[in-house]
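K.L.:
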Amino acid sequence: MTAGSSAEARLSVDTAATLNDVSVVFGVKGKRVVALDRISMELRKNEVVALVGPSGCGKSTSLRVIAGLSKPTAGTVQVNVDRKTRALGGFSMMFQTPSLLDWRSVLGNVMLPLEQRDISKAEARQRAEHLLERVGLADFQHRRPYELSGGMQQRTAVARALVTDPEVLLLDEPFGALDAITRDQMCVVLEGLVEERSMSVLLVTHSISEAIMLSDRILVMSGRPGRVLEELSVPLARPRELDNRLDKNARELEARMLTLLALR
Ligand code: ADP
Ligand code: MG
Numbered sequence: 401m402t403a404g405s406s407a408e409a410r411l412s413v414d415t416a417a418t419l420n421d422v423s424v425v426f427g428v429k430g431k432r433v434v435a436l437d438r439i440s441m442e443l444r445k446n447e448v449v450a451l452v453g454p455s456g457c458g459k460s461t462s463l464r465v466i467a468g469l470s471k472p473t474a475g476t477v478q479v480n481v482d483r484k485t486r487a488l489g490g491f492s493m494m495f496q497t498p499s500l501l502d503w504r505s506v507l508g509n510v511m512l513p514l515e516q517r518d519i520s521k522a523e524a525r526q527r528a529e530h531l532l533e534r535v536g537l538a539d540f541q542h543r544r545p546y547e548l549s550g551g552m553q554q555r556t557a558v559a560r561a562l563v564t565d566p567e568v569l570l571l572d573e574p575f576g577a578l579d580a581i582t583r584d585q586m587c588v589v590l591e592g593l594v595e596e597r598s599m600s601v602l603l604v605t606h607s608i609s610e611a612i613m614l615s616d617r618i619l620v621m622s623g624r625p626g627r628v629l630e631e632l633s634v635p636l637a638r639p640r641e642l643d644n645r646l647d648k649n650a651r652e653l654e655a656r657m658l659t660l661l662a663l664r
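Positions in the sequence shown are counted from 1; adding 400 to them yields our numbering.
(1) Could you name each continuous beta strand (DSSP E) segment of 3 residues or more that falls completely within the stretch 419-484, going from the start of the chain to the end?
(2) Who are the Cβ neighbours of residue 534 in its own chain at under 7 Å, not counting the five residues just before and after it?
(3) What residues does the ligand MG have around it, judged by CB closer than 7 Å to any heavy atom, in chain order?
(4) Distance, Cα to Cα, residue 544 vs residue 552?
(5) Restricting to Cα atoms, I'd like to know which of 598, 612 and 646 is closest to residue 604.
(6) How is residue 413 classed by DSSP in three states: helix, strand or coil?
(7) Apart from the five residues on each side of it in sequence, which residues of its chain come closer than 8 Å, Cβ to Cβ, to residue 566?
(8) Spatial neighbours of residue 497 within its chain, please: CB distance less than 7 Å, with the 5 preceding and 5 following residues excluded, ordered by chain position.
(9) In the DSSP assignment, the beta strand (DSSP E) including residue 617 goes from what residue to what residue?
(10) Quick one, which of 424, 620 and 564 has its alpha-carbon nearest residue 608's?
(11) What is the DSSP secondary structure of residue 572, reduced to helix, strand or coil?
(12) Are there any heavy atoms of the ligand ADP lying less than 7 Å away from the beta-carbon of residue 433, as far as the coordinates show?
(13) For residue 622 and residue 548, what's the separation of their Cα atoms in angstroms?
(14) Between the alpha carbons of residue 470 and residue 427, how many angstroms are there, rounded?
(15) Can you tell me whether residue 617 sits near the ligand ADP, meaning its C-beta is under 7 Å from at least one heavy atom of the ligand?
(16) Excluding the 5 residues preceding and the 5 following residue 661 in the sequence, name in chain order all residues of the same chain whose CB lies nearer than 6 Å to its CB.
(17) May I ask you to check if the CB of residue 453 is nearer than 7 Å to at least one heavy atom of the ligand ADP?
(18) How is residue 406 classed by DSSP in three states: helix, strand or coil?
(19) State the start and end residues of the unbroken beta strand (DSSP E) segment that holds residue 493.
(20) Find the nearest neighbour of residue 440 within the set 494, 458 and 627, judged by alpha-carbon distance.
(21) Rounded to the nearest angstrom, what separates residue 505 and residue 586 at their Cα positions?
(22) Look at the Cβ atom of residue 616, then the Cβ atom of residue 481, and state whether they are nearer than 8 Å.
(23) Can we count residue 426 as close to the ligand ADP, meaning its CB is less than 7 Å from some heavy atom?
(24) Measure how close the beta-carbons of residue 595 and residue 638 come, nearest whole angstrom, since I'm counting them as under 8 Å.
(25) What runs of the alpha helix (DSSP H), each 4 residues or longer, lie entirely inside the stretch 587-649?
(26) Would you grab the beta carbon distance between residue 579 and residue 546 for me? Rounded to a whole angstrom, and I think it's under 8 Å.
(27) Measuring alpha carbon to alpha carbon, tell me which residue in 650, 572, 625 and 583 is nearest residue 495.
Shown next as structure tokens:
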């Protein structure tokens with residue numbers, strides 16, 4: 401991540417994060433694994449971008465680089481998150497597995513990211529309760545995670561990811577482990593939450609329909625080392641419903657994505 405304020409100042413105010421010619425090379429048992437090869441992408445403020453591509457093409461690595469968890473071997477990363485709000489969780493990340501604490505209630509798990517922050521316990525609780533209601537878990541807030549279904553656990557993780565009101569939300573195949581019906585339900589929940597907040601979202605997914613349902617732009621990546629093959633805009637108004645996926649232009653988009661992905 402570029403540390404200097406001058407580099408960040410050069411970013412457009414409309415930009416949340418950019419990768420500029422970023423390469424990431426891992427050394428595994430003396431062999432070089434090129435995960436990303438001079439990839440560039442931009443996440444604008446308040447937009448949802450989906451990264452779709454074959455397994456191992458560097459999608460998670462791209463997210464990790466933006467979050468500052470991995471360093472690029474070459475190229476630069478710029479992030480335009482307000483330093484003041486960063487303390488309250490300018491970034492939030494969510495993964496395929498919810499990683500909830502079994503010894504805490506659902507509410508306790510959602511409040512966790514607000515602990516040690518400059519926010520009263522009453523406000524933390526209010527925020528967590530509001531989000532649990534939005535994800536349909538108001539009646540389960542005093543349960544423990546192991547008493548919930550997989551989908552409900554992931555709803556809890558969504559609430560936890562949003563409780564800090566992040567400027568940038570990084571989602572790494574958040575619903576990848578769920579069955580198709582639950583996955584669709586989660587898509588609807590997340591779409592509603594994204595719609596009502598000002599937040600930039602980068603979503604990694606294997607699911608073409610999830611990318612179409614949730615994002616404004618889709619970056620289709622090649623196989624490893626990942627490069628952006630094509631950038632596609634999603635021509636669907638918001639709020640979106642699941643059956644928007646059957647619209648003519650959504651189906652054309654799906655066909656284009658299938659063609660691009662099949663080439664690899
Ligand atoms: P994706 O999320 O698209 O499936 P990843 O970003 O996880 O892909 O990985 C891209 C490539 O980099 C893969 O070949 C993977 O094995 C390799 N890789 C990822 N992280 C590491 C690491 N920490 N050490 C070595 N190789 C890694
Ligand atoms: Mg991955």
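Beta carbons: idealized from backbone N, C-alpha and C, even for Gly.
P.N.:
Per the coordinate set shown:
(1) With a minimum length of 3 residues, the continuous beta strand (DSSP E) runs that stay inside the stretch 419-484 are 431-444, 448-452 and 474-479.
(2) Counting only Cβ-Cβ distances below 7 Å, and skipping sequence neighbours, we find 593.
(3) Here the residues come out as 459, 460, 572, 573 and 604.
(4) Answer to the nearest angstrom: the Cα atoms are 11 Å apart.
(5) Answer by Cα proximity: 612.
(6) Residue 413: coil per DSSP, three-state reduction.
(7) Here residue 566 has 489, 490, 491, 492 and 599 as same chain residues with Cβ atoms under 8 Å from its own Cβ, once five neighbours each way along the sequence are excluded.
(8) The residues are 577.
(9) For residue 617, the enclosing beta strand (DSSP E) has its first and last residue at 617-621.
(10) Comparing Cα-Cα distances from residue 608 to each of 424, 620 and 564, the minimum goes to 620.
(11) Strand.
(12) Shortest gap from the CB of residue 433 to any heavy atom of the ligand ADP: under 7 Å.
(13) Computed Cα separation, rounded: 37 Å.
(14) Their Cα atoms are separated by approximately 14 Å.
(15) Residue 617 Cβ: outside cutoff for every heavy atom of the ligand ADP.
(16) Once the five neighbours on either side are set aside, residue 661 has no close Cβ partner at all.
(17) Residue 453: yes, Cβ under 7 Å from the ligand ADP.
(18) Its pLDDT being 45, under 50, residue 406 is placed unreliably by the model, and the measurement read from it follows with that caveat. Three-state result, residue 406: helix.
(19) In the DSSP annotation of this structure, the continuous segment of the beta strand (DSSP E) that includes residue 493 starts and ends at 491-494.
(20) When only C-alpha atoms are compared, the closest one is 627.
(21) Each residue's alpha carbon lies about 21 Å from the other.
(22) Cβ distance not < 8 Å, so residue 616 and residue 481 don't count as in contact.
(23) True, at least one ligand heavy atom lies under 7 Å from that Cβ.
(24) Sure, about 5 Å apart at Cβ, within 8 Å.
(25) Every unbroken stretch of the alpha helix (DSSP H) spanning 4 or more residues and falling wholly within the stretch 587-649 is given here in chain order: 608-614.
(26) So it is not a contact: roughly 19 Å between Cβ atoms.
(27) Ranking 650, 572, 625 and 583 by CA distance to the CA of residue 495 puts 572 first.
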